[in-house]
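These protein sequence lines are chains A and B, in that order.
So that you can map any letter, position 58 of the first sequence is 57 in numbering that gives the first Met the number 0, and since no number is skipped, the others follow by simple counting.
So that you can map any letter, position 40 of the second sequence is 39 in numbering that gives the first Met the number 0, and since no number is skipped, the others follow by simple counting.
For glycine and all other residues, C-beta sits at the position ideal for the given N, C-alpha and C.
Taking it in order: structure first as C-alpha cells, then the write-up.
There are 2 protein chains.
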Amino acid sequence: MADERCCGLDKHEGLDDIKKEMPDDDTLFYLADFFKVFGDSTRIKIVCALFNGEMCVGSIAELLNLTQSSISHQLRVLKANRLVKARKEGKYAFYSLDDIHVMEIYKMGLEHLKEK
Amino acid sequence: MADERCCGLDKHEGLDDIKKEMPDDDTLFYLADFFKVFGDSTRIKIVCALFNGEMCVGSIAELLNLTQSSISHQLRVLKANRLVKARKEGKYAFYSLDDIHVMEIYKMGLEHLKEK
DNA sequence: CCGACATATGAATAAGTGTTCATGTGTAAC
DNA sequence: GTTACACATGAACACTTATTCATATGTCGG
Numbered sequence: 000m001a002d003e004r005c006c007g008l009d010k011h012e013g014l015d016d017i018k019k020e021m022p023d024d025d026t027l028f029y030l031a032d033f034f035k036v037f038g039d040s041t042r043i044k045i046v047c048a049l050f051n052g053e054m055c056v057g058s059i060a061e062l063l064n065l066t067q068s069s070i071s072h073q074l075r076v077l078k079a080n081r082l083v084k085a086r087k088e089g090k091y092a093f094y095s096l097d098d099i100h101v102m103e104i105y106k107m108g109l110e111h112l113k114e115k
Numbered sequence: 000m001a002d003e004r005c006c007g008l009d010k011h012e013g014l015d016d017i018k019k020e021m022p023d024d025d026t027l028f029y030l031a032d033f034f035k036v037f038g039d040s041t042r043i044k045i046v047c048a049l050f051n052g053e054m055c056v057g058s059i060a061e062l063l064n065l066t067q068s069s070i071s072h073q074l075r076v077l078k079a080n081r082l083v084k085a086r087k088e089g090k091y092a093f094y095s096l097d098d099i100h101v102m103e104i105y106k107m108g109l110e111h112l113k114e115k
C-alpha cells in the first residue's frame, strides 16, 4: 500500500496540501457518476438527437434504430441525472435536454476527438 | 422494433434530416468511450490530483490512499485516451495532464453538480 | 552482481451495466 | 368496455470493468 515517502528529495512533500485543495470524496464520486452517464453510446446518441429539440420515445427509438424498451431505460438514467426532462402529452412522453452544460461537455468531447 | 411512424400528425416526419446532422456512429461510439474514462472515481481523482502539476505513481497512490497497482492500471487507461502523458526519469514515471479540454470538462461537470 | 525500489502487467475474481423479453400502466378511439 | 397504442418497468442474461494478487521489467546504490 501507500509508501511513507516516495520520489525522495522532498519532491512530493506537500501531498497534504494537494489533498486539501481537492473536492471531498463524495463530490468526486458523484462527479464520476455524472460522467458515467455520457459513457454509453446509446445515451450519447439520445443526447445528440435531442439537440434538435424535444422528441418522443418512439421517435428516438426509430431514429436510432433501437428498441423502445432500451431507449426508455436509458432515458430513465438520463432523467435521474438531470440531463433530460420529460413532458407528458396524452399517451406520449416528450423528452428534451435539461442543462446547458450537457451541450458544452458534449462539444468539448468532440473537440478532443478531432485533435489527433 | 422501430415503428414506421410514431406520434402521428407528422410531428416527427423529419427524422432523416435529424439523422443527417448527427455525427456518424463510429464518432459517437468513440465519444462515449472517451467519456467513459471520466466515469470512474479513481480516474477522476487522478485527474483532479494532476491539476497541481506532474506527479509520480507512488505519490498519487499515497495521496489517494489506493494501491500502486490500481493507480498504474488506471493511468494506463488515462494515457491510452490521451488524458495524461508520461515522462520517465530514472526509475520514476511522472504523469501530467495532456489536454486542455480535460480541465474544462471536469469543471463543467462540477458546475452541473452544484446547480441543484 | 545483488538487493531495494518504482512501475508495469497478466490473470482471476467480484461487482456493475446494457439489452432483451415479458408484462404492467395509462391514454385515446371506437 | 374493449382494443390499440405509447411508454415504463422488473427480471434475467451476457458482457464489461475495477481491484487485487502475484510477478515481471527496469533502475539505482552499494
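Those residues of the segment 58 to 73 of chain B placed with their C-beta closer than 7 Å to a C-beta in chain A are S58, A60, E61, L62, N64, T66, ordered along the chain. Boundaries for K90/A: no alpha helix (DSSP H) harbours it, and the DSSP string shows neither H nor E there. Residue contact check for L109/B against chain A: a CB pair falls below 8 Å. In this structure, DSSP gives L96/A an extended state, which the three-state scheme calls strand. Nearest neighbour of Y105/A by Cα position, chosen from L82/B, K78/B, F33/B, turns out to be F33/B. Take G57/A, set aside five residues on each side of it, and the residues of its chain with a beta-carbon closer than 7 Å to its own are Q67, in chain order.
Listed in chain order, the beta strand (DSSP E) runs fully inside the segment 22 to 64 of chain B amount to none, counting runs of at least 3 residues. The beta carbon of K18/A falls within 8 Å of a beta carbon belonging to chain B, placing the residue at that interface. Proximity of A48/A to chain B, defined by a Cβ-Cβ separation below 8 Å, is satisfied. Counting along the chain, the unbroken alpha helix (DSSP H) around E20/A starts and ends at 14 to 20. Of K113/A, Q73/A, M54/A, the smallest CA-CA separation from E88/A is found for M54/A. In the DSSP annotation of this structure, the continuous segment of the alpha helix (DSSP H) that includes R75/A starts and ends at 67 to 79. Contact annotation: I17/A and A85/B have beta-carbon atoms that are not nearer than 8 Å. With fewer than 16 other Cβ atoms inside 10 Å of its own Cβ, E20/B counts as exposed.
About 6 Å separates the beta carbons of I45/B and L77/B, which is inside the 8 Å limit, making them a contact pair. Rounded to the nearest angstrom, the gap between the Cα atoms of E110/B and A31/A is 13 Å.
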